[in-house]
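So the working numbering is basically just the index in the sequence shown, starting at one, shifted up by 339. For each residue, glycine too, the CB sits at the ideal point set by N, CA and C. Remarks on the structure that follows.
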Amino acid sequence: MSGESKTVIPEKREWDAASYDKKHSFVWKYGTEVVELLAARKGERILDLGCGTGHLTHQIALSGAEVIGLDRSSEMIEQARKAYPQITFVLGDGYDFRFDEPFEAVFSNAALHWMTRPGAVADCISRALKPGGRLVAEFGGKGNLHRLHAAVKTAMSSLGYPVGEELDLWYFPRISEYATLLEKRRLEVTYAVLFDRPTALEGGDNGLREWLETFTSNFLARLTGDERPQFFKQVEAELRPVLFRDGTWFADYRRIRVVAVRD
Numbered sequence: 340m341s342g343e344s345k346t347v348i349p350e351k352r353e354w355d356a357a358s359y360d361k362k363h364s365f366v367w368k369y370g371t372e373v374v375e376l377l378a379a380r381k382g383e384r385i386l387d388l389g390c391g392t393g394h395l396t397h398q399i400a401l402s403g404a405e406v407i408g409l410d411r412s413s414e415m416i417e418q419a420r421k422a423y424p425q426i427t428f429v430l431g432d433g434y435d436f437r438f439d440e441p442f443e444a445v446f447s448n449a450a451l452h453w454m455t456r457p458g459a460v461a462d463c464i465s466r467a468l469k470p471g472g473r474l475v476a477e478f479g480g481k482g483n484l485h486r487l488h489a490a491v492k493t494a495m496s497s498l499g500y501p502v503g504e505e506l507d508l509w510y511f512p513r514i515s516e517y518a519t520l521l522e523k524r525r526l527e528v529t530y531a532v533l534f535d536r537p538t539a540l541e542g543g544d545n546g547l548r549e550w551l552e553t554f555t556s557n558f559l560a561r562l563t564g565d566e567r568p569q570f571f572k573q574v575e576a577e578l579r580p581v582l583f584r585d586g587t588w589f590a591d592y593r594r595i596r597v598v599a600v601r602d
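Have a look at this one:
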């Protein structure tokens, strides 16, 4: 390993949508509980913010609601359009979206933690909702992936990469922080909970490596071919005693689930 310091700069994330669906279906499957909390009604106009490949958008549409899915990933949107051609999917940015007609609800599952300018996102949500409209969302909360994230930082540091804010690519707030942010934008929080949800990863003994390849691709893109095996080996060695049980890797997820109503 060279002693030279290497800079890691966050870059636009690219997704392999087919691989995402195949290897990480737990993401949308856990979201079915959030769909139940939404309790969409026939005729409602609903936005699925960060819709990914559209599986939950489809579930919401089965209620008879008029649903639009929005995501910034062209790969995800393309996959969603192929799977559910009867639903409208829009390529757009959570920091700056506008629609001609307002919505009765904005729904979001496992997406808001990727949007690291939450104030801008909340501004868009508030503007998109009708008075009395609701936000129903679940995403990573304070402490989410604490062990996994720490292991990634340690491994990157050992390979000569600086560790600092440039590796904090997610937004994991406390309930109080997020509730305050919403209420400043005329979104009254009526329900909020922060809870641990250890989540089994697909892929057996390769599950953690496949998770890292998908969700920490920003880091991996900076590693050389020789460094990647070292990175995986070190992360797995550090986490195996605490996140590997009975042949399955677990991610130490901690989630916020929130409902807020536009005044």
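{"Asked": "Taking Thr563 as part of the beta strand (DSSP E), name the residues at either end of that continuous run.", "Found": "Here Thr563 belongs to no beta strand (DSSP E), and DSSP marks it neither H nor E."}
{"Asked": "Out of Glu443, Phe442, Arg411 and Thr396, point me to the one whose CA is closest to Gln425's CA.", "Found": "Thr396"}
{"Asked": "Out of Ala422, Glu414, Asp544 and Ala467, point me to the one whose CA is closest to Glu440's CA.", "Found": "Ala467"}
{"Asked": "With 16 as the cutoff for other CB atoms within 10 Å, does Glu527 come out buried or exposed?", "Found": "exposed"}
{"Asked": "When the Cα of Asp462 is compared with those of Glu577, Ala590, Gly382 and Phe436, which residue comes out closest?", "Found": "Phe436"}
{"Asked": "Pick helix, strand or coil for Ala378, following the three-state DSSP scheme.", "Found": "coil"}
{"Asked": "So, does the region 514 to 525 touch the region 571 to 589, judging by three or more C-beta pairs under 8 angstroms?", "Found": "no"}
{"Asked": "Buried or exposed, going by whether 16 or more other CB atoms sit within 10 Å of the CB of Leu540?", "Found": "buried"}
{"Asked": "Check whether the Cβ atoms of Val406 and Asp387 lie closer than 8 angstroms to each other.", "Found": "yes"}
{"Asked": "To the nearest angstrom, how far is the alpha carbon of Ser569 from that of Thr427?", "Found": "Just to set this straight, residue 569 is Gln in the shown sequence, not Ser. Straight-line Cα distance between these residues: approximately 43 angstroms."}
{"Asked": "Looking only at its chain, what residues have a beta carbon closer than 7 angstroms to the beta carbon of Ala494, apart from the 5 residues adjacent to it on each side?", "Found": "Phe570, Gln573 and Val574"}
{"Asked": "What residues in its chain sit with their C-beta under 8 angstroms from that of Thr371, if we drop five residues either side in the sequence?", "Found": "Leu395 and Gln398"}
{"Asked": "Within its chain, find whatever has a CB closer than 6 angstroms to the CB of Val532; leave out the 5 residues flanking it on each side and keep chain order.", "Found": "Arg596"}
{"Asked": "Please determine, among Ser413, His485, Ser515 and Leu409, the residue with the shortest C-alpha to C-alpha distance to Val460.", "Found": "Leu409"}
{"Asked": "Spatial neighbours of Arg567 within its chain, please: CB distance less than 8 angstroms, with the 5 preceding and 5 following residues excluded, ordered by chain position.", "Found": "Leu559"}
{"Asked": "Secondary structure at Arg548, three-state DSSP: helix, strand or coil?", "Found": "helix"}
{"Asked": "Rounded to the nearest angstrom, what separates Ala476 and Ile464 at their Cα positions?", "Found": "11 angstroms"}
{"Asked": "To the nearest angstrom, how far is the alpha carbon of Glu443 from that of Arg601?", "Found": "10 angstroms"}
{"Asked": "Is it buried or exposed, Phe446, if we count other Cβ atoms within 10 angstroms and call 16 or more buried?", "Found": "buried"}
{"Asked": "Give the DSSP bridge partners of Glu477, in chain order.", "Found": "Asn448 and Arg596"}
{"Asked": "Give the secondary structure of Gly391 by DSSP, where H, G and I count as helix, E and B as strand, and everything else as coil.", "Found": "coil"}
{"Asked": "Helix or strand or just coil, what does DSSP make of Tyr517?", "Found": "helix"}
{"Asked": "Determine the closest residue to Leu498 out of Asp565, Gly546 and Ala576, with distance taken between C-alpha atoms.", "Found": "Asp565"}
{"Asked": "Are the CB atoms of Gly480 and Arg384 nearer to each other than 8 angstroms?", "Found": "no"}
{"Asked": "Under 8 angstroms, do Ala450 and Gly393 count as touching if we go by C-beta distance?", "Found": "no"}
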